[in-house]
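According to my numbering, the sequence shown holds residues 49 to 321 in order. One structure below.
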Amino acid sequence: MASAAHKMEEIGVESFADELKAGTKLLFGQFEILSFLNAGGFGITYIAQDSLQRRVVIKECFPSAFCRRTENLVTARSRQRQEEFRSIVALFMQEALNLSKLNHPNIVKVHQVFQDNETAYMAMDLVDGPDLLETVEGTAPRLTPEEITVALTKMLDALGYVHAQGFLHRDISPDNILLDRATGEPVLIDFGAARKDVTRKSRALSGLRVVKDGYSPQEFYISGSKQAPCSDLYALAATFCHMISGEAPRTSQERLSAIANREGDPNRHSLAG
Numbered sequence: 049m050a051s052a053a054h055k056m057e058e059i060g061v062e063s064f065a066d067e068l069k070a071g072t073k074l075l076f077g078q079f080e081i082l083s084f085l086n087a088g089g090f091g092i093t094y095i096a097q098d099s100l101q102r103r104v105v106i107k108e109c110f111p112s113a114f115c116r117r118t119e120n121l122v123t124a125r126s127r128q129r130q131e132e133f134r135s136i137v138a139l140f141m142q143e144a145l146n147l148s149k150l151n152h153p154n155i156v157k158v159h160q161v162f163q164d165n166e167t168a169y170m171a172m173d174l175v176d177g178p179d180l181l182e183t184v185e186g187t188a189p190r191l192t193p194e195e196i197t198v199a200l201t202k203m204l205d206a207l208g209y210v211h212a213q214g215f216l217h218r219d220i221s222p223d224n225i226l227l228d229r230a231t232g233e234p235v236l237i238d239f240g241a242a243r244k245d246v247t248r249k250s251r252a253l254s255g256l257r258v259v260k261d262g263y264s265p266q267e268f269y270i271s272g273s274k275q276a277p278c279s280d281l282y283a284l285a286a287t288f289c290h291m292i293s294g295e296a297p298r299t300s301q302e303r304l305s306a307i308a309n310r311e312g313d314p315n316r317h318s319l320a321g
């Protein structure tokens, strides 16, 4: 199996109330859910096994603010939410199909996109390896300055490729960059928030996503604001600022407030040494 999407160490993490149960079959038995991995405002992620008994990551479109689960079926929370929910599922499908066309050694590969249970899914590679957050927190081997430089260079190349294809990742942070244990390569994962040709409609639908304090640029805090490749570059810079300094970066809002009050950029102190 090629480079992958999530850490095998996280199998068996704490469950989520709306998750599909282990043993659930998808796509006429082609995939079987093994365990819950994590959940966010837009979806639920699982470890699964395909018909060839290969482990994969499956992301389910489950915008919890708009939908609920009855048995395995996913339905809108109310009639008023029906149109919004269907729009989100359609957007998820379209973006997942677009993502499946990406081909880069440092980007997770999407293998299959399908519909089941009245919602949408995408199947991705599974990586065996820690994320960058674990390396900086000391729960995985720390990276040397040289290794950090190599990882940053490769992530810049991967992000340049993403932007050249017309995408924004929109969720870059240390826990979304894995180090493939087999190859040593950094792999950018979790494209659930990614958008191609970000429109007013897709920005509005994406408002349910969780902003990551310290990594998200100011425009991510403002509904309907313009987002661009520089938004991803801000998040990548914040990620590697954390890697270099060992300190979590201050939020973009705190930074702007401090600068407006002529107090200077608070993130400069973490890099002063």
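We put the beta carbon where it would ideally sit given N, CA and C, even for glycine. Fair warning: this is a prediction, and the values are worked out from it, not measured in the lab.
Own chain, CB closer than 8 Å to Lys-69, minus 5 neighbours either side, in chain order: These residues qualify, in order along the chain: Ile-81.
Where the beta strand (DSSP E) through Asp-98 begins and ends: Following the DSSP letters along the chain, one finds Asp-98 inside the beta strand (DSSP E) bounded by residues 91-98.
Bounding residues of the beta strand (DSSP E) (the contiguous stretch that carries Arg-127): Taken as a continuous stretch (DSSP letters only), Arg-127 belongs to no beta strand (DSSP E), being part of the alpha helix (DSSP H) at 127-147.
Where the alpha helix (DSSP H) containing Tyr-169 begins and where it ends: Per DSSP, Tyr-169 belongs to no alpha helix (DSSP H); it is in the beta strand (DSSP E), 167-172.
Test item: CB-CB of Ala-168 and Cys-109 under 9 Å: In this structure, Ala-168 places its C-beta atom within 9 Å of the C-beta atom of Cys-109.
Buried versus exposed, by CB contacts within 10 Å (16 or more), Leu-174: Burial is judged here by how many other beta carbons sit within 10 angstroms of a residue's own beta carbon; Leu-174 has at least 16 and is buried.
Classification of Asn-151 by the beta-carbon crowding that lies within 10 angstroms, buried from 16 upward: Counting Cβ neighbours within 10 Å, Asn-151 comes out exposed, since fewer than 16 surround it.
Beta-carbon contacts of Ser-99 that lie in its chain and below 6 Å, excluding the five residues immediately before and after: The beta carbon of Ser-99 sits closer than 6 Å to the beta carbons of Gln-78 from its chain, once the five residues preceding and following it are set aside; these are given in chain order.
Helix, strand or coil at Glu-182 according to DSSP, with G and I counted as helix: In the structure shown, Glu-182 sits in a helix (DSSP, three-state: H, G or I).
Whole-number beta carbon distance between Thr-201 and Asp-261, since they are thought to touch under 8 Å: About 26 Å separates the two Cβ atoms, so there is no contact after all.
Three CB pairs or more closer than 8 Å across the region 81-92 and the region 175-185: Between the region 81-92 and the region 175-185, the count of C-beta pairs closer than 8 Å stays below three; the two stretches do not touch.
C-beta atoms of Val-161 and Val-235 nearer than 9 Å: Not in contact: Val-161 and Val-235 (Cβ atoms no closer than 9 Å).
DSSP three-state assignment for Asn-86, whether helix, strand or coil: In the structure shown, Asn-86 sits in a strand (DSSP, three-state: E or B).
Three-state secondary structure (DSSP) of Phe-322: Shown here, the chain extends from 49 to 321; a query on residue 322 therefore has no answer.
For Leu-236: DSSP bridge partner residues: Leu-236 pairs with Ile-155 and Ile-225.
Length of the line joining the Cα atoms of Thr-118 and Gln-130: Spanning the two alpha carbons is a distance of roughly 15 Å.
Beta-carbon proximity of Ser-148 to Val-137, cut-off 9 Å: In this structure, Val-137 does not lie closer than 9 Å to Ser-148 by Cβ.
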